[in-house]
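Here's the structure, in structure tokens; my notes come after.
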Amino acid sequence: ALQSEWDAKCSQTEAYAQLQGRTEWDTIHTWYPWVITPSAFVTGPVAPPVTLTSITFVTPTVTPPNPPPSSDLFNLLYVDSETSSGEARGFVYRGDRIYEVGKPAKGSTQLELTGVQVSDRLCVYDINDNSEAPETPRHQFGCETVVLNDNEMQMTKQVPWQPEVALLQTGPQQLTLWVTQTVASGQQLMTRLYPESGDALSGEVALTGSGVYSHVFNLVEPVPAVYVQLWVNEALDGLDTRREVVADRGAGGGGAFGPAKHFSGVFVVSSDGKASFESADVTDLKAGESITFQSMPGTPPLPANKLIIGQSYRLDAYPATLVNGGTVRIQYEEAPIVQAASVSAAAPAVHFWNGSRWIEFDTTISTPTNAADGIQEAAAASQGIGVYAVLLDTGEYFTYLPLVQK
21 ALQSEWDAKC SQTEAYAQLQ GRTEWDTIHT WYPWVITPSA FVTGPVAPPV
71 TLTSITFVTP TVTPPNPPPS SDLFNLLYVD SETSSGEARG FVYRGDRIYE
121 VGKPAKGSTQ LELTGVQVSD RLCVYDINDN SEAPETPRHQ FGCETVVLND
171 NEMQMTKQVP WQPEVALLQT GPQQLTLWVT QTVASGQQLM TRLYPESGDA
221 LSGEVALTGS GVYSHVFNLV EPVPAVYVQL WVNEALDGLD TRREVVADRG
271 AGGGGAFGPA KHFSGVFVVS SDGKASFESA DVTDLKAGES ITFQSMPGTP
321 PLPANKLIIG QSYRLDAYPA TLVNGGTVRI QYEEAPIVQA ASVSAAAPAV
371 HFWNGSRWIE FDTTISTPTN AADGIQEAAA ASQGIGVYAV LLDTGEYFTY
421 LPLVQK
């Protein structure tokens, strides 16, 4: 009976073809001879005797995603034949969400996109107001709606657009935004706050102030990792993009947010992976507490005899006492310079901006493990919340040379 049923109902299966018609019970009995082969079929219940689970099929109501663009590689049409500074970042706005989609390599004019769809608003921000010779500062940015059969974006250059952005946690559910930037009379500086994952935490907000602007975001939840979008409310002709930039706080998985227990101490990293803070004294973060290192699109003014290597970073914490101890580390690329004879060498050092001037601190220079050629790391004791950068005292005796790397 079993063989006839198998022949009638299972002759088109892979098992029937591979085993030349042998029933599954014959296979089982070959491996386990003590098993008793059933002589008849057992008619079981239509359903289990108890309710285990139930399945309800629901017709999807979510709109299917738009198709991807024709090419994942976008060409960035920089003004004045410039290229990416290495600090450029790509973002996509889709509905009420923001997604970071990649970084063009330093010296390139291309961005490889990740997860972008037609009708997304794609933006690339390359705001690097200070640079090490022979590089030049970048004040370029571009935005456009992604369409099929388009793989180019025209960048806009605005040298006066170099906002210094501070996004600080000032309460368990509160962030305060400070922006230093001059805009013309009649123009409005706007902002919007997005979590790293989820819908926007605010609508479009007009900042108050003149030269220095501020806004307080009161949230309904503990402060998460966020992006803040900043732009000038202006209408432009042609392919030019309104002045715009994005700053982050704790994005990219590098921030520490409570409640959490860190048995070996807290370790946080900036979104570009080049700056970090470590404290062995702080192990517990309560709900609403956090420590982050912000990659800054703007830099406080530098002294005439100081050169910044890389960019500046803002260490922030709530409460601020969480970072009163610990170590700050910043990776940088060695400056290609040579000094005049009889002049003592000046080493890069970690500096802290105290609100009015840069202060140099004792710094240990080392080569990070598995670092690329020419990459060094500067480490110094934390000075608390504020802005950190690696600066070099240029004096009057330096000549800049090309940097040759293998």
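Following the numbering used here from start to finish, the sequence shown increments by one per residue and tops out at 426.
Glycine included, every Cβ here is placed at the ideal spot set by N, Cα and C.
Asked                                                                                                                                                          : Found
Just to confirm, are E216 and A186 a CB contact at a threshold of 9 Å?                                                                                         : no
When the Cα of L411 is compared with those of Q403, S376, A367 and G375, which residue comes out closest?                                                      : A367
Could you tell me if Y52 is buried or exposed, where buried requires 16 or more neighbouring beta carbons within 10 angstroms of its beta carbon?              : exposed
Taking T387 and A399 to be in contact with their CB atoms under 8 Å, please state how far apart those CB atoms are, rounded to whole angstroms.                : About 12 Å; that fails the 8 Å criterion.
Could you give the distance in angstroms between the alpha-carbon of V343 and the alpha-carbon of F381?                                                        : 16 Å
According to DSSP, simplified to helix, strand and coil, what is D413?                                                                                         : strand
Measure the Cβ-Cβ separation of L213 and F237 and say whether it is below 9 Å.                                                                                 : yes
Taking only runs of the alpha helix (DSSP H) that begin and end inside the stretch 358-405, which ones reach a length of at least 4 residues, in chain order?  : none
Can you tell me whether N148 is buried or exposed? The criterion is at least 16 other CB atoms within 10 Å of its CB, across all chains shown.                 : buried
For T57, which of G64, V66 and T47 has the nearest alpha-carbon?                                                                                               : T47
Are the Cβ atoms of F161 and Y247 separated by less than 9 Å?                                                                                                  : no
Is L250 buried or exposed, if buried means 16 or more other CB atoms sit within 10 Å of its CB?                                                                : buried
When burial is assigned at 16 or more other CB atoms within 10 Å of the CB, is L133 buried or exposed?                                                         : buried
Please state the DSSP three-state secondary structure of Y160.                                                                                                 : Correcting the residue type first, residue 160 is Gln in the shown sequence and not Tyr. Residue state, collapsed to three classes: strand.
Could you please give me the residues that DSSP links to I147 through a beta bridge?                                                                           : H159
Can you grab the Cα-Cα spacing for the pair L335 / R109, in whole Å?                                                                                           : 20 Å
In angstroms, rounded to a whole number, what distance separates the CA positions of E164 and V144?                                                            : 9 Å
Here's a check: name, in chain order, each residue in its chain whose Cβ is nearer than 6 Å to the Cβ of A361, leaving out the five neighbours to either side. : With a pLDDT of 46 at A361, under the threshold of 50, the modelled position of this residue cannot be trusted; read the value that follows with caution. There are no such residues.
Taking the alpha carbon of F287 as the reference point, which residue from S402, Q194, T196 and E254 has its own alpha carbon closest?                         : S402
Taking the beta strand (DSSP E) that P311 falls in, what are its first and last residues?                                                                      : A small fix is needed here, since residue 311 is Ile in this sequence, not Pro. Taken as a continuous stretch (DSSP letters only), the beta strand (DSSP E) holding I311 covers S310 to S315.
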